[in-house]
Structures are given as structure tokens and as C-alpha cells.
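A.B. asks: Below is a structure I'd like to ask you about.
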Ligand SMILES: [Zn+2]
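Numbering (the numbering used here), first residue to last: 1 to 318.
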């Protein structure tokens, strides 16, 4: 047990609550580390107003919940006013938040209302659009969240060297005819290209393709156009995306945007047509990561295609 001397003395802190002994009682107040920067999400930052207001609400709520006396509460609210004004918050916004919390009768038994039966949706903040969209979605029964924007730290290196020399992502492979194929891989691009090449080789050994053969779209393209050749040496990673779900979404978006003629489907992730008008805004990084010169065999393509073509013609004449 911590011991206290006579008179006022600050004692221990528990979960950011400072316990202070006065003559006959223990007072609770919000503990702030001496080196606290007093910096919060600025009011003039590009974030949804709800996100910025939530900063004020969380500070004010904590003051009401922790302060054990009117004296402690007033001191904390004065501190919050100063700090929020220092972070660009208008006085009337701060006063409104404090007034609302006073009127709501917030007590120590206060617990946030959890509406977990509603589906959640997280919307990025776009001024003028997000407010309209979130109001319509709320009416449709969604619980809408607004993540705060990217911070400087989110752009900085996390100390882990995640980008390998052959990272996973979305790639594009051109054919000699000018058509392209867009695919995705969680493994090194080299491995995936070799699988495509093997699929083309296996496909060209057939005289007729059956549905169950399961050859890649590239193999089908070469089978149907034996004089074409796939330019594996010009394959590019057009987006480095190591996370599986994000990669599937990116693949579908790149297909929706670039409409590669060789692809037989739109990828594994369905992108609604309503996004079509804005898919062109997606930045496709051509030459982001050129084909890594590795041990891949390029024995497929033109030679195999020409041989197969001759074989097919010979068989057809028999
Ligand atoms: Zn072609």
C-alpha cells in the first residue's frame, strides 16, 4: 500500500488517474506525464469534423469520469480549453462539447452505447462527399466510421525491411500483338512467370482445349494465336501489394482500369460498376519493378508456338 504524508501530497497513478491525498480524503484527477506534448489532432487538419470533435469529447469525457471533485473537474476542463485552443479548436466547439457532456449527466457508470448489431463501414474523408454518403448510409442502417488521415509517422519507415528484391503484387505481361495480361502473385514474380510459361508449354502440346484443362488465360491466348509470343522479359510489377486481400482488390481495380484484352475474367474480387468512372484515377506504376532476371526458362513462347501451330495444321490436314 502506498503511504501518504500529512497535507497535500501526490501519490501513485493508476491507468492515467493521479491519486492525491488531501487532509481527509483521496482526490482523483487526470494524470499527465511531465513530458506530454499537449499535441492533438489539429482542428485545421484535413479530417472529418466528427474525428476532430471526438478528440474534444474523449478529453472532456475523461475529465468528467476521473475528476473526483468540482475543484479537480474545473481544473481539468480549464486545462482542456487551453490545450484545444492551442491545437486550433474554436472556443465555441469546446464549449459545446463541455455543455453537452454536462447536460448528458455523464457519471462514473457511463458506458458508451454499443450498437454492434449494425454493420460497420469505414469511409475515408473527402470534403463535401463523405458527409452526404455517411448520412445516406446511416439511414440505411450502417454504423459509419471515419479513420483519421495519414500521419507523418505512417509514411516513415517502420524499421522493417519489407520490400524484397522481388516483392509480391500485381503484374502485367505484354504479348507481341500489343495485348496485355494482368495478374497477381503472393510469391516472387519469377515463380509466377515460370508457371505461366509452363502452362503455355503444356497447352501447346494439346490439339484441342477442354474446359477442365484449366490453362491460364495467357496459354489460351497463345493457343488461339500461335504466331504471337508472350514477352516475359517485358513483364512488370505494376503495384507492390504484399497483403492478400488488398492485392486481390488492386488486381481487380487494375483490370477494371486497363481492360487487358488477354484476361478472361475481372479478377477474384468483384468491383462494382459504380466505381468505373473513377478507376482511371488509379495510379498504375509502369516500370515500377521490371522483370527480375532470374533462372526462369523462357523456352515457351515463339518457338513453341510456331511448332505447335505447325503441328495443329498438320493434324488438321490428316
Ligand atoms: Zn497476342
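By construction, the Cβ of each residue, glycine as well, lies at the ideal position given by its N, Cα and C atoms.
(1) At least one CB of chain B closer than 8 angstroms to the CB of residue 100: is that the case?
(2) For a test of your reading of the model: does the CB of residue 263 fall under 7 angstroms from any non-hydrogen atom of ligand 1? Yes or no.
(3) Nearest to residue 125 by CA position, among 136, 138, 146, 119, is which residue?
(4) Taking just the CA atoms, how far does residue 50 sit from residue 134?
(5) Tell me whether residue 146 sits in a helix, a strand or coil according to DSSP, three-state version.
(6) Kindly examine ligand 1 and report whether one of its heavy atoms sits closer than 7 angstroms to the Cβ of residue 191.
(7) For ligand 1, any of its heavy atoms closer than 7 angstroms to the Cβ of residue 177?
(8) Should residue 27 and residue 76 be called a contact, given that it needs their Cβ atoms to be closer than 8 angstroms?
(9) Using CA coordinates, which residue listed in 129, 66, 56, 131 is at the minimum distance from residue 95?
(10) For the alpha helix (DSSP H) containing residue 247, name the first residue and the last one.
(11) Just to check, is the beta-carbon of residue 231 closer than 7 angstroms to a non-hydrogen atom of ligand 1?
(12) Taking residue 189 as the reference, which of 281, 143, 170, 32 has the closest Cα?
(13) Under 8 angstroms between the Cβ atoms of residue 209 and residue 222?
(14) Would you mind stating whether residue 253 and residue 271 have Cβ atoms separated by less than 8 angstroms?
(15) Note the first and the last residue of the continuous alpha helix (DSSP H) segment covering residue 64.
(16) Following the continuous alpha helix (DSSP H) through residue 279, name the residue where it begins and the one where it ends.
(17) For residue 52, count the other beta carbons within 10 Å of its own beta carbon; 16 or more makes it buried, fewer makes it exposed. Which is it?
(18) Kindly indicate which residue of 177, 167, 262 has the alpha-carbon position closest to the one of residue 244.
(19) Bridge partners of residue 126, per DSSP?
(20) Judging by CA-CA distance, which residue of 217, 44, 233 is the nearest neighbour of residue 127?
(21) Give me the residue from 136, 142, 60, 74 with the minimum Cα distance to residue 117.
(22) By DSSP's criteria, residue 120 is part of a beta bridge. Which residues make up the other side?
(23) What is the DSSP secondary structure of residue 79, counted as helix, strand or coil?
(24) For the candidate residues 259, 197, 263, whose alpha-carbon lies nearest to that of residue 231?
(25) With H, G and I counted as helix, E and B as strand and the rest as coil, what does DSSP make of residue 98?
(26) Can residue 235 and residue 276 be called in contact, C-beta distance under 8 angstroms?
(27) To the nearest angstrom, how far is it from the Cα of residue 97 to the Cα of residue 105?
(28) Taking Cβ to Cβ, would you say residue 218 is nearer than 8 angstroms to residue 257?
(29) Put residue 192 into one of helix, strand or coil per three-state DSSP.
(30) Which residues does DSSP pair with residue 180 in a beta bridge?
(31) Suppose the cutoff is 6 angstroms on Cβ atoms and the five residues either side in sequence are ignored; what does the same chain contact list for residue 184 look like?
C.D. replies: This is what the structure gives:
(1) The structure shown has no chain B; it contains just one protein chain.
(2) no
(3) 146
(4) 11 angstroms
(5) coil
(6) no
(7) yes
(8) no
(9) 56
(10) 244–258
(11) no
(12) 170
(13) no
(14) yes
(15) 49–66
(16) 276–279
(17) buried
(18) 167
(19) Per DSSP, none; premise fails for residue 126.
(20) 44
(21) 142
(22) 143
(23) helix
(24) 197
(25) helix
(26) no
(27) 13 angstroms
(28) no
(29) helix
(30) 174
(31) 170, 247, 251
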